[in-house]
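If you're matching positions, the sequence shown starts at 273 in my numbering and goes up one per residue. Positions of the beta carbon are idealized from the N, C-alpha and C atoms, including for glycine. These numbers were taken from a predicted model, which means no experiment stands behind them. Here is the structure we will look at, set down as structure tokens.
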Amino acid sequence: MLKRYFPILTWGRTYDRPTFEADLVAAVIVTIMLIPQSLAYSLLAGMPAQYGLYASVLPLLIYAVFGTSRPLAVGPVAVISLMTAAAVSKVATQGSAEYITAAVALAFLSGVMLVVMGLLRMGFVTAFLSHPVLSGFTSAVGILIAAGQMKHFFGVKADSGGLYEILSSLWAHLPQTNVPTVAISILSLGFLFWARRGMKPRLLRAGVSPRISDILSRASPVFAVAATIALTWIFGLEGRGVAVVGTVPLGFPAPTLPSFDPALWQELFVPALLIAIIGYVETISVAQTLAAKKRQRIDPDQEFIALGGASIGSAISGSFPITGGFARSVVSYEAGASTPAAGAYTAIGVAVATFTLTPALYFLPQATLAATIFVSVLTLVDFAALKRTFSYAPREGVAMALTIMVTLLRGVEDGIAFGVVLSIALHLWSSSRPHVAVLGQVPGTEHFRNVERHRVISAPGVLSLRIDESLWFPNARFVEEMIYDRIAADQSIKHVVLNCPAVNHIDSSALEALEEVNDQLKDAGVRLHLSEIKGPVMDALTRSDLLTHLGGRIYLTHHDALAALAPDLTRQTATQGRCETHR
Numbered sequence: 273m274l275k276r277y278f279p280i281l282t283w284g285r286t287y288d289r290p291t292f293e294a295d296l297v298a299a300v301i302v303t304i305m306l307i308p309q310s311l312a313y314s315l316l317a318g319m320p321a322q323y324g325l326y327a328s329v330l331p332l333l334i335y336a337v338f339g340t341s342r343p344l345a346v347g348p349v350a351v352i353s354l355m356t357a358a359a360v361s362k363v364a365t366q367g368s369a370e371y372i373t374a375a376v377a378l379a380f381l382s383g384v385m386l387v388v389m390g391l392l393r394m395g396f397v398t399a400f401l402s403h404p405v406l407s408g409f410t411s412a413v414g415i416l417i418a419a420g421q422m423k424h425f426f427g428v429k430a431d432s433g434g435l436y437e438i439l440s441s442l443w444a445h446l447p448q449t450n451v452p453t454v455a456i457s458i459l460s461l462g463f464l465f466w467a468r469r470g471m472k473p474r475l476l477r478a479g480v481s482p483r484i485s486d487i488l489s490r491a492s493p494v495f496a497v498a499a500t501i502a503l504t505w506i507f508g509l510e511g512r513g514v515a516v517v518g519t520v521p522l523g524f525p526a527p528t529l530p531s532f533d534p535a536l537w538q539e540l541f542v543p544a545l546l547i548a549i550i551g552y553v554e555t556i557s558v559a560q561t562l563a564a565k566k567r568q569r570i571d572p573d574q575e576f577i578a579l580g581g582a583s584i585g586s587a588i589s590g591s592f593p594i595t596g597g598f599a600r601s602v603v604s605y606e607a608g609a610s611t612p613a614a615g616a617y618t619a620i621g622v623a624v625a626t627f628t629l630t631p632a633l634y635f636l637p638q639a640t641l642a643a644t645i646f647v648s649v650l651t652l653v654d655f656a657a658l659k660r661t662f663s664y665a666p667r668e669g670v671a672m673a674l675t676i677m678v679t680l681l682r683g684v685e686d687g688i689a690f691g692v693v694l695s696i697a698l699h700l701w702s703s704s705r706p707h708v709a710v711l712g713q714v715p716g717t718e719h720f721r722n723v724e725r726h727r728v729i730s731a732p733g734v735l736s737l738r739i740d741e742s743l744w745f746p747n748a749r750f751v752e753e754m755i756y757d758r759i760a761a762d763q764s765i766k767h768v769v770l771n772c773p774a775v776n777h778i779d780s781s782a783l784e785a786l787e788e789v790n791d792q793l794k795d796a797g798v799r800l801h802l803s804e805i806k807g808p809v810m811d812a813l814t815r816s817d818l819l820t821h822l823g824g825r826i827y828l829t830h831h832d833a834l835a836a837l838a839p840d841l842t843r844q845t846a847t848q849g850r851c852e853t854h855r
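In structure tokens form, the structure reads like this:
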């Protein structure tokens, strides 16, 4: 039991020096990435920059104790930061003490939800977010985040919200553009875009080792931060209108408890639930992907507890919700992280920076942090997935496109809520119209296939239907009406055989529908038969009245049914099969 809830007791027993060295190297690389990202994502969440550092220490230590993913790097991420800003802005004004109080409560509430879901093994709730909807939401959020950073590139104020509000407000304020800010933005963006693809090859050609080249290319945001701090300080750009981070306090605030105001919790309940679920889905997907590459195992229920504990740790640190970061986790994996201890070492590195480097951040331009966010979130935008989804499953493609549109126009909360509702609605619509095939016998075999797809022989007077989905209340009426339509269209039918190899469950509504069909067919002189009923379904049917009053019989195989109801057909197909074999 202890090992289940404290995975550190498993991997910690075999921890050795080579593992320590691998984790330490990975921690150094991730720390270099995390410091500028945590500052940037804190501003994205509407919080002072230093709160990103606060959210990058205790949560990592907690995850190292409870987490099951070895390379996963938790901390501030773009999507959750934007969702935090969208939720908290509705209850408090950015920059106020009430805003920070609400953000802390949001982190605590979402963390508690995750822990409870983990203890109750409620991983099924994540199924309500289909992959196309989640992909569309993530792409739209990437666009919103990128658009929201443009005001920092021009040094102007602009409204938040949907894409239209952001762009129209930005256009209205363009006359107040600050030229030095634009220059810093262009330099930062140009350097960061070049560093993503061009720095490592250039270093390799210069004779730098692959490992050092990789570390330096990952550290490109740090170089941008250092260079623009120096430029702002040397040329006095703060006095020329360049917005800077300003004073960043040394060290950490005292541990805090969230507000337990019922009215505030009621306002934040739905956003906290959405943040918890989306953060978990994104985290578990990258964790399972990285674990599979090394044949390791992730415990999804324990990950609920670990992520929830990390988010509660962020609240105790006085900060905002966090989750697993995709890019940082991949970097941690590629850097050789062997255990969650790499996250603990990263926390130590961030803590050292918080106690020593924060005074140097005073002259850091907000435009540089905006450029860091802008470049990193572009990886979230994947319109190629929209094309792939449309070509494979048009209905899911429509759901993905509509989720993108609603998120862009209405904001993150309305977008994800719409996507969830749309996913459920499409599932119910699809389930209400199950695929039902009319079967015929393949000559020379005991196999039965769809008459519209194969060359088969049908038995006169026998209607064979294969139902390719479980029967329940949304589709019971559809199946019932389809049988009636077939009977009305062909007066020669004397037997209806329902082939049920794909039926895993029959609920009470569907059972009543089958009983009604049986009675109606009896009155019309038609007998209802069932074939290939699964054991658990048969067990349930024995507790009903259907089998007692069934007009026909239940057959083990569909071939048995046709052999009894249309023996001439089985002899004919067997003869044709022998002729085909002889030829």
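Limits of the unbroken beta strand (DSSP E) element including residue i
i	result
Ser736	Val734 to Ile739
Environment of residue i [buried if 16+ CB atoms lie within 10 Å]
i	result
Glu852	For Glu852, the predicted structure reports a pLDDT of 42, less than 50, and the residue's modelled location is therefore unreliable. The matter cannot be settled from this model.
Arg855	Its pLDDT being 38, under 50, Arg855 is placed unreliably in this model, and the value from its coordinates should be taken loosely. With fewer than 16 Cβ atoms within 10 Å of its Cβ, Arg855 is classed as exposed.
Glu539	buried
Ser589	buried
Thr504	buried
His777	exposed
Gly877	Outside the shown range of the chain, which is 273 to 855, sits residue 877, and nothing can be said about it.
Gln421	buried
Ser803	buried
Pro290	exposed
Asp486	buried
Arg490	buried
Ala502	exposed
Paired residues, beta bridge with residue i - DSSP
i	result
Arg799	His767
Tyr827	Ser803
Gln713	Phe720 and Ile729
Val708	Ile739
Thr595	Gly347
Ile778	Leu743
Val516	Pro637
Whether residue i touches residue j by CB criterion (9 angstroms)
i	j	result
Ile334	Gly581	yes
Lys423	Leu435	no
Ile645	Pro593	no
Ser591	Ala298	no
Ile577	Leu386	yes
Thr618	Val302	yes
Tyr552	Thr595	yes
Ile531	Thr356	The sequence given here places Ser at residue 531; Ile does not occur at that position. In this structure, Thr356 does not lie closer than 9 angstroms to Ser531 by Cβ.
Ala559	Thr340	yes
Val520	Gln309	no
Leu686	Ser411	The sequence given here places Asp at residue 686; Leu does not occur at that position. In this structure, Ser411 does not lie closer than 9 angstroms to Asp686 by Cβ.
Val405	Val692	yes
Gly615	Val300	no
Ala377	Leu545	no
Ala312	Leu641	yes
Val329	Phe598	no
Val480	Leu488	yes
Val624	Leu306	no
Leu281	Thr630	no
The alpha helix (DSSP H) enclosing residue i, as first and last residue numbers
i	result
Phe646	Gln638 to Val649
Phe409	His403 to Phe426
Arg285	Where Arg285 is concerned, there is no enclosing alpha helix (DSSP H), given that its DSSP letter is neither H nor E.
Pro666	Pro666 to Arg682
Pro473	Lys472 to Arg477
Lys275	Leu274 to Tyr277
Arg490	Pro482 to Arg490
Val376	Ala369 to Leu391
Ile458	Val451 to Trp466
Asp573	Pro572 to Ile588
Ile618	Residue 618 is actually Thr in this sequence, not Ile. Ala613 to Thr628 is the extent of the alpha helix (DSSP H) around Thr618.
Sequence-distant residues of its chain with Cβ nearer than 8 angstroms to residue i (five each side left out)
i	result
Ala774	Arg738, Ile739, Asp740, Glu741 and Ser742
Ala836	Arg825 and Tyr827
Same chain, Cβ closer than 6 angstroms to residue i, five either side skipped, listed in chain order
i	result
Glu718	His831
Leu401	Val553
Glu234	Residue 234 falls outside the range modelled here, since the chain spans only 273 to 855, and no answer is possible.
Pro343	Leu562, Ser601, Ser604, Tyr605 and Ala609
Arg850	Because Arg850 carries a pLDDT of 45, less than 50, the predicted location of this residue cannot be relied on, and the following value inherits that uncertainty. Contacts found: none.
Heavy atom of the ligand COA within 8 angstroms of residue i beta-carbon
i	result
Asp295	Among the components modelled here there is no ligand, and therefore nothing to report on the ligand COA.
Beta-carbon proximity list for residue i, same chain, < 7 angstroms, skipping 5 on both sides
i	result
Gln568	Arg342
Gly284	none
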